[in-house]
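To start, the structure itself, in structure tokens.
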Amino acid sequence: MLTAAVTLDPAFRIAPVNRRTFGSFVEHLGRAVYTGIYEPDHPSADKDGFRTDVLDLTREMGVTMVRYPGGNFVSGYRWEDGVGPCENRPVRRDLAWHSTETNEVGLDEFMRWARKAEVEPMMAVNLGTRGVAEALDVLEYANHPGGTRLSDMRAANGSVEPHDIKLWCLGNEMDGPWQLGHMSAREYGRLAVQTARAMRMTEPGLELVACGSSGSQMPTFGEWEATVLEEAYDEVDFISLHAYYEEYDGDLRSFLASAVDMDHFIDSVVATADYVRAKRGATKRIMLSFDEWNVWYLSRFQAAGPPTDWPVAPRLLEDHYHLADAVVVGNMLISLLRHSDRVTAACQAQLVNVIAPIMAEPGGPAWRQTTFHPFAETARTAKGEVLRVEAQSPTYETGRHGEVPVVDAVATYDAPAGQAAVFVVNRSTEETVQFDVDTRALGAQRVTACRTLSDPDPYVRNTAAEPDRVAPRSRDDAELADGRLRLSLPPVSWTVIELATT
Ligand code: AHR
Numbered sequence: 028m029l030t031a032a033v034t035l036d037p038a039f040r041i042a043p044v045n046r047r048t049f050g051s052f053v054e055h056l057g058r059a060v061y062t063g064i065y066e067p068d069h070p071s072a073d074k075d076g077f078r079t080d081v082l083d084l085t086r087e088m089g090v091t092m093v094r095y096p097g098g099n100f101v102s103g104y105r106w107e108d109g110v111g112p113c114e115n116r117p118v119r120r121d122l123a124w125h126s127t128e129t130n131e132v133g134l135d136e137f138m139r140w141a142r143k144a145e146v147e148p149m150m151a152v153n154l155g156t157r158g159v160a161e162a163l164d165v166l167e168y169a170n171h172p173g174g175t176r177l178s179d180m181r182a183a184n185g186s187v188e189p190h191d192i193k194l195w196c197l198g199n200e201m202d203g204p205w206q207l208g209h210m211s212a213r214e215y216g217r218l219a220v221q222t223a224r225a226m227r228m229t230e231p232g233l234e235l236v237a238c239g240s241s242g243s244q245m246p247t248f249g250e251w252e253a254t255v256l257e258e259a260y261d262e263v264d265f266i267s268l269h270a271y272y273e274e275y276d277g278d279l280r281s282f283l284a285s286a287v288d289m290d291h292f293i294d295s296v297v298a299t300a301d302y303v304r305a306k307r308g309a310t311k312r313i314m315l316s317f318d319e320w321n322v323w324y325l326s327r328f329q330a331a332g333p334p335t336d337w338p339v340a341p342r343l344l345e346d347h348y349h350l351a352d353a354v355v356v357g358n359m360l361i362s363l364l365r366h367s368d369r370v371t372a373a374c375q376a377q378l379v380n381v382i383a384p385i386m387a388e389p390g391g392p393a394w395r396q397t398t399f400h401p402f403a404e405t406a407r408t409a410k411g412e413v414l415r416v417e418a419q420s421p422t423y424e425t426g427r428h429g430e431v432p433v434v435d436a437v438a439t440y441d442a443p444a445g446q447a448a449v450f451v452v453n454r455s456t457e458e459t460v461q462f463d464v465d466t467r468a469l470g471a472q473r474v475t476a477c478r479t480l481s482d483p484d485p486y487v488r489n490t491a492a493e494p495d496r497v498a499p500r501s502r503d504d505a506e507l508a509d510g511r512l513r514l515s516l517p518p519v520s521w522t523v524i525e526l527a528t529t
């Protein structure tokens with residue numbers, strides 16, 4: 028059996044747990060909106076047409092923030108198509124996903140849903156096929172109290188109170204050649220500055236996110252961030268990061284270490300942002316918005332290609348996740364928490380049906396994919412301050428990420444509540460790990476809960492017929508004696524240990 032050890036010490040504080048770490052994403056893509064959050068004919072639909080089974084699972088998952096309306100979709104979107112009486116809304120082609128958009132759901136409906144789901148909205152403006160004027164228009168419609176054409180239109184449409192949306196993305200993935208309106212970093216940086224300045228002239232308190240790279244594999248990665256921030260440093264609060272991982276060619280060992288790449292990605296964007304800061308002699312620090320992250324079997328989507336017949340709400344990007352995917356998702360949350368000093372917003376992409384932890388059958392049940400569980404558990408348990416833990420761990424060799432630790436962990440500590448939690452993964456495909464936690468500096472008194480997500484088959488999935496096949500299992504074999512905690516971590520597993528310190 029392998030062994031690994033960590034030490035918990037309140038002095039190893041990184042930053043407070045940021046509630047915006049537990050964001051998600053609803054794009055007009057596939058069945059995320061239609062037959063996802065919204066299905067007026069569904070037996071569970073409320074008076075506004077929202078599926079209450081999906082709303083219940085969204086709240087259960089602990090989602091705190093939702094990005095909307097895209098994604099690639101936003102770069103061709105006219106927000107005004109989605110407001111006003113439904114019968115007057117145009118049906119249009121969505122070029123990003125080769126689908127037909129009915130516009131039954133738009134800004135006001137999304138905000139109604141967000142209030143019911145108890146999530147903060149993160150809104151994206153279209154800087155692909157539109158610009159400053161339209162960004163100002165949607166901001167006026169959404170946030171101005173009243174007495175102007177667009178704010179009065181909102182009130183007439185039934186949303187009398189302003190939506191008060193604070194967090195805005197300035198476009199989406201503008202570095203990607205697939206993006207409508209794709210442009211160079213210099214061009215985008217200048218457009219982002221103009222848009223940000225104009226938006227802040229109306230509301231100085233907005234929080235603005237500039238597009239970073241669509242992934243660390245992009246040819247312009249690094250240079251893109253440096254150029255965009257050279258232009259927009261003073262005007263924006265965040266630079267975005269997007270990353271998706273999948274298992275290639277049956278290489279499970281590399282796939283399980285995907286969070287190692289996420290760590291490097293975050294560290295290099297921090298380094299670039301701080302380099303620009305130093306060059307400018309700025310005092311402000313740019314924060315990171317990891318506003319798209321997940322496991323996504325993108326190569327399968329690319330092989331199938333987009334639809335050719337402009338369907339309405341097609342089954343697109345409906346990945347069915349297995350246990351190993353969930354362990355990778357749990358590990359990515361460990362990575363995000365570890366970077367809580369700089370990653371102060373994050374969105375798992377996406378929420379329902381589209382590469383999602385929640386699946387919802389049209390007219391049928393909504394259920395939890397394997398990836399639902401580490402998100403829900405982490406969102407519920409991570410409280411107080413994030414503590415750095417350096418795992419003393421054996422390593423293994425991977426084809427994609429070199430030599431990586433078998434065990435990865437992070438901890439949180441809520442001193443006033445007398446509670447701490449350790450989140451840990453065992454990435455080994457074969458070996459159980461004996462895990463030792465030195466809790467003496469923390470003064471842990473007892474283990475209050477311990478749950479593990481594991482299975483002898485790393486490829487086991489939940490389905491609509493068997494929705495709880497994979498779920499965290501409560502354990503009572505974690506032993507705490509003389510401040511030292513011991514438990515075993517099965518291969519390909521994610522575990523949370525909750526401790527009482529008073
Ligand atoms: O989340 C799916 C897509 O991935 C988004 O629309 C886009 O921003 C990214 O490439």
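The sequence shown begins at 28 in this note's numbering and counts up by one.
Backbone N, C-alpha and C define an ideal beta-carbon position, used for all residues, glycine too.
In the three-state scheme derived from DSSP, where H, G and I count as helix and E and B as strand, Phe137 is classed as helix. Distances taken from the Cβ of Asn130 to the heavy atoms of the ligand AHR include none shorter than 7 Å. The ligand AHR has no heavy atom closer than 7 Å to the beta-carbon of Asn153. For the 8 Å CB-CB criterion, Ala409 and Asp36 do not form a contact. Under the DSSP assignment, Glu525 falls in the beta strand (DSSP E) whose first and last residues are Ser520 to Ala527. For the options Leu163, Leu134, Ala491 and Ile524, the alpha carbon positioned closest to that of Arg500 is the one of Ile524. For Leu207 against Ser102, the beta-carbon gap comes to about 4 Å, under 8 Å, which counts as contact. Asn99 carries a helical assignment under DSSP once its states are collapsed to helix, strand and coil. For Tyr440, the enclosing beta strand (DSSP E) stretches over residues Val434 to Asp441. Using a Cβ-Cβ distance cut-off of 8 Å, the region 328 to 342 and the region 365 to 379 are not in contact, since fewer than three pairs of beta carbons, one from each stretch, lie closer than that value.
Collapsing the DSSP output to three states places Asn184 in coil. Per DSSP, the beta-bridge partners of Glu128 are Arg119. Pro401 carries a helical assignment under DSSP once its states are collapsed to helix, strand and coil.
No residue range can be given for Gln244, since it is assigned to no beta strand (DSSP E) and is classified by DSSP as neither H nor E. In this structure, the straight-line span from the alpha carbon of Phe265 to that of Tyr440 is close to 26 Å.
For Ala151, the secondary structure class from DSSP, reduced to helix, strand or coil, is strand. Remark: C-beta atoms of Leu350 and Asp482 approach each other more closely than 8 Å.
With a threshold of 7 Å, the Cβ atom of His428 does not count as near the ligand AHR, since no heavy atom of the ligand is closer than that. Annotation for Glu274: Phe282 place their beta carbon closer than 6 Å to its own, counting only its chain and skipping 5 residues before and after. Taking Phe137 as reference, the option from Asp352, Thr475, Tyr486 and Arg78 with the minimal CA-CA separation is Arg78. The three-state secondary structure of Met201, taken from DSSP, is coil. The residue from Arg217, His190, Asp83 and Val416 with its alpha-carbon nearest to that of Arg365 is Val416. For Glu114, same chain residues with a beta-carbon under 6 Å away, outside a window of 5 residues either side, do not exist. Residue pairing for Tyr271: DSSP places it in a beta bridge opposite Asn321.
The way I'd put it, the region 297 to 315 doesn't touch the region 140 to 151; fewer than three beta-carbon pairs between them come closer than 8 Å. The closest heavy atom of the ligand AHR lies 7 Å or more from the beta carbon of Leu268. Residue range Ile385 to Ala387 is occupied by the beta strand (DSSP E) that includes Ile385.
Annotated as distal: Val474 and Leu516, with beta-carbon spacing of 8 Å or more.
Scanning the region 51 to 108 from its first residue to its last, the whole beta strand (DSSP E) runs of 3-plus residues come out as 92 to 95.
In the displayed model, Met28 falls within coil according to three-state DSSP, outside both helix and strand. Short of 8 Å from the beta carbon of Arg224, and not among the five residues preceding or following it, lie these beta carbons of its own chain, in chain order: Glu262. In the three-state reduction of the DSSP assignment, Gly429 falls in the strand class. Spatial neighbours of Pro485 in its own chain (CB-CB distance under 6 Å, excluding positions within 5 residues in sequence) are listed in chain order as Leu350, Ala351 and Val519. Across the set Phe317, Pro231 and Leu177, the C-alpha of Phe317 shows the shortest separation from the C-alpha of Ala270.
Between Leu526 and Glu87, the alpha-carbon positions lie close to 22 Å from each other. Under the three-state reduction of DSSP output, Phe328 falls in the helix class.
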